[in-house]
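What follows is one structure encoded as structure tokens, with my remarks underneath.
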Amino acid sequence: MLDARYDEQLSAAPHLALYPNLMPWVGAGFASADLKVLLLGESHYLMETTTYHHDAEAWYAGVSLDTATDIGWMRTRSIIRKGIELNWAGKSKTIYRNLSTELQRTGFGAGRAPFESLAYMNFFQRPAEKTGDSIQVKEVDRKVSSATVAHVVACLRPNLVVFCSKLAWRVASDEGLVLALREKGIAVGNTPHPASAWWNRASKKRGGRNGRQVFNDLLKQSGFVAAAGQASGDSN
């Protein structure tokens, strides 16, 4: 289910060495996929009473998680693995469920569960301060998150990187990451958050498309051909 062949390279990133629980998910079918896709979410959440991640400078210097009772909330790989096993049951899995559903419609993964054929991580390398809200982005968040994602891309060499968060996209653009990836020949794009209403709601600024259609178009523009008879993202 998980491909660990990239782990030695990935763990060379200082932040991932500090917090191995944030290592990206790399599905077993990623390396052989016709289109290698890296999906970027926004950030993890922790328990409402948790505060050890609120001080950004302290977080990036290294916070001990030895006594943390909610570290499972930010074990990226465990979250994805369990989600695949349980078919993304639960309200907190809406982002993954909606992405997986849309990928299944296109035939992505050639019969595998879609997340078994792609890579996934959150863009922001610090959990959001408040459960359900966006992270309050600090300068150090911008720098470390952009550098860590750039490192992951260099290791995995995806054909397509999709930011599933407007906030993450904006920060990555401001930090020059989007341009840097495009200069390397990597297709890069963004969608509305898959757990938001805009995933199914059309928007004028997106040419009358909803988030699902934007996502499908990014796949097509990157050379992915939907399986015959599969939906193209325009149905409800």
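Everything in the sequence shown is counted per this note's numbering, starting at 1228 for the first residue and increasing by one.
We put the CB at the ideal spot given by N, CA and C, even for glycine.
Compare the beta carbon distance of residue i and residue j with 7 angstroms and say whether it is the shorter of the two.
| i | j | result |
| --- | --- | --- |
| F1451 | A1346 | no |
| N1349 | S1270 | yes |
| Y1272 | T1358 | yes |
| S1344 | G1336 | yes |
| V1398 | T1418 | no |
| A1281 | P1354 | The sequence given here has His at residue 1281, not Ala. Not closer than 7 angstroms, so no. |
| F1342 | I1306 | no |
| A1255 | M1274 | no |
| L1408 | V1389 | no |
| V1371 | Q1352 | yes |
| D1297 | T1278 | no |
| A1240 | H1378 | yes |
| A1283 | K1365 | yes |
| S1449 | A1414 | yes |
| T1427 | N1443 | Reading off the sequence, residue 1427 comes out as Asn, not Thr. It is not a contact, given that the beta carbons lie outside the stated cut-off. |
| S1373 | L1406 | no |
| P1385 | L1266 | no |
| Y1287 | V1367 | yes |
Would you identify the three-state DSSP class for residue i, choosing helix, strand or coil?
| i | result |
| --- | --- |
| V1452 | coil |
| R1436 | strand |
| N1443 | helix |
| S1400 | helix |
| S1238 | coil |
| S1372 | helix |
| R1409 | helix |
| R1273 | What sits at residue 1273 in the sequence shown is Leu, not Arg. Residue state, collapsed to three classes: coil. |
| A1355 | coil |
| P1421 | coil |
Roughly how many angstroms lie between the CA atoms of residue i and residue j, to the nearest whole one?
| i | j | result |
| --- | --- | --- |
| R1232 | V1253 | 9 angstroms |
| I1322 | R1439 | 12 angstroms |
| D1230 | W1315 | 20 angstroms |
| R1369 | E1402 | 7 angstroms |
| L1249 | S1238 | 10 angstroms |
| Q1363 | G1299 | 22 angstroms |
| L1383 | K1263 | 9 angstroms |
| G1268 | E1235 | 23 angstroms |
| G1416 | C1391 | 9 angstroms |
| A1429 | R1339 | 30 angstroms |
| K1309 | K1320 | 10 angstroms |
| K1431 | H1420 | 17 angstroms |
| L1446 | T1333 | 9 angstroms |
| D1360 | M1301 | 15 angstroms |
| R1433 | W1425 | 10 angstroms |
| N1325 | D1261 | 22 angstroms |
| L1330 | G1412 | 23 angstroms |
| E1312 | R1304 | 12 angstroms |
| A1295 | E1356 | 15 angstroms |
Identify the residues that DSSP records as bridge partners of residue i: which are they?
| i | result |
| --- | --- |
| V1389 | L1266 and G1416 |
| G1254 | L1229 |
| A1346 | V1253 and L1265 |
| S1361 | In DSSP, S1361 forms no bridge with anything. |
| S1430 | R1436 |
For a minimum of 4 consecutive residues, which ranges assigned as the alpha helix (DSSP H) are wholly contained in the segment 1283 to 1337?
1283 to 1288, 1303 to 1312 and 1321 to 1333
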